[in-house]
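Residue numbers (the working numbering), protein chains in the order written: chain R, 56 to 206; chain P, 5 to 142.
Here's the structure, in structure tokens; my notes come after.
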């Protein structure tokens with residue numbers, strides 16, 4: 056370990072986003088189903104959302120001047136890391152309730168972990184973000200843990 | 005269901021050949037402006053990729069589709085755990101596959117190993133997926 060993860064950096068663990076509330080529409084389900092190459096009528100017609108529909112529903116919508124030069128929206132939940140090049144990481148998702156048009160869903164994201172590992176080409180920083188999505192009855196609909204790797 | 009839910013059963017594979025229109029529509033559905041997915045000179049000259057990079061979560065979606073198409077209306081996906089292990093590009097041929105690794109006939113609970121492979125056979129997105137068949141008991 057090279058000590059990239061300082062106490063100051065770790066102090067950000069536990070930070071939480073303000074809740075985001077979004078409505079599910081048939082049109083958005085249909086667009087997502089078409090774009091992913093779905094072959095199932097119930098998704099293509101937007102009767103019910105396919106798995107992973109929460110990914111487009113809660114992708115951050117930011118204004119143009121809040122995009123980095125590479126076109127990525129700056130995630131305000133995250134601190135500044137000493138490594139900056141993002142590699143795609145992994146997802147762990149639990150699907151607890153179906154999602155249909157008309158649902159109002161609220162997502163809260165929490166930065167739950169920051170740690171370091173050594174990779175083949177040098178040190179890597181991992182961080183984890185938990186997203187909990189609830190309906191208006193306060194029932195958990197989806198729990199998702201994202202793990203991202205920085206090099 | 006074909007094949008029947010049994011440990012070791014291999015589900016029908018699905019091949020994907022995403023083009024830049026599909027990749028654009030996917031990122032538009034997300035509102036993802038990351039240049040590596042649509043700006044070829046940027047992706048190659050600035051970031052050093054050999055082409056336009058496929059979005060990682062799109063491959064994640066395909067891990068679901070191979071199981072979901074087999075399930076039809078007989079069950080639902082309950083969980084997934086996967087990682088993106090290597091970059092993939094417009095022009096690649098990718099194959100989604102799934103194998104049943106556990107099945108409880110009483111509860112209907114299934115566990116499957118799922119993977120996306122590139123044309124060279126490298127696993128670019130491995131994962132584990134949980135599903136539940138609707139049982140007669142409901």
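Cβ coordinates follow ideal geometry from the N, Cα and C atoms, glycine included.
Would you please state the rounded distance, in angstroms, between the beta carbons of residue i and residue j? I believe it to be under 8 Å.
i: residue 118 of chain P; j: residue 22 of chain P; result: That belief does not hold up - the Cβ atoms of residue 118 of chain P and residue 22 of chain P are roughly 18 Å apart, past 8 Å.
i: residue 165 of chain R; j: residue 184 of chain R; result: 7 Å
i: residue 83 of chain R; j: residue 111 of chain R; result: 7 Å
i: residue 104 of chain P; j: residue 13 of chain P; result: 5 Å
i: residue 72 of chain R; j: residue 163 of chain R; result: 6 Å
Name the two residues that bound the continuous alpha helix (DSSP H) containing residue i.
i: residue 229 of chain R; result: Not covered by the structure: residue 229 of chain R. The range shown for chain R is 56 to 206.
i: residue 64 of chain R; result: 62-65
Would you identify the three-state DSSP class for residue i, choosing helix, strand or coil?
i: residue 48 of chain P; result: helix
i: residue 29 of chain P; result: helix
i: residue 188 of chain R; result: strand
i: residue 138 of chain R; result: coil
i: residue 148 of chain R; result: strand
i: residue 59 of chain R; result: coil
i: residue 40 of chain P; result: helix
Let me see if you follow: with CB-CB separation under 8 Å, is residue i close to chain P or not?
i: residue 93 of chain R; result: yes
i: residue 127 of chain R; result: yes
i: residue 185 of chain R; result: no
i: residue 159 of chain R; result: no
i: residue 59 of chain R; result: no
i: residue 180 of chain R; result: no
i: residue 146 of chain R; result: yes
i: residue 90 of chain R; result: yes
i: residue 155 of chain R; result: no
i: residue 163 of chain R; result: no
i: residue 122 of chain R; result: yes
i: residue 111 of chain R; result: yes
i: residue 116 of chain R; result: yes
With a cut-off of 8 Å, does the C-beta of residue i fall near any C-beta of chain R?
i: residue 101 of chain P; result: no
i: residue 17 of chain P; result: no
Which two residues bound the contiguous beta strand (DSSP E) that contains residue i?
i: residue 172 of chain R; result: 159-174
i: residue 134 of chain P; result: 127-137
i: residue 133 of chain R; result: No beta strand (DSSP E) contains residue 133 of chain R, which DSSP labels as neither H nor E.
i: residue 100 of chain P; result: 98-108
i: residue 14 of chain P; result: No beta strand (DSSP E) holds residue 14 of chain P; DSSP gives it neither H nor E.
i: residue 118 of chain P; result: 113-121
At a cut-off of 7 Å, is residue i close to the ligand GTP when judged by its beta-carbon and the heavy atoms of the ligand?
i: residue 49 of chain P; result: Only the bare structure without any ligand can be found here, which leaves the ligand GTP out of the picture.
| task | With a floor of 3 residues, list each beta strand (DSSP E) that falls wholly inside the region 51-90 of chain P, ordered by position along the chain. | result | List check, beta strand (DSSP E) in window: 79-87.
| field | Length at least 3, wholly inside the region 66-125 of chain R: the beta strand (DSSP E) runs in chain order | value | Entirely contained in the region 66-125 of chain R, the beta strand (DSSP E) runs reaching 3 residues are, in chain order, 75-78.
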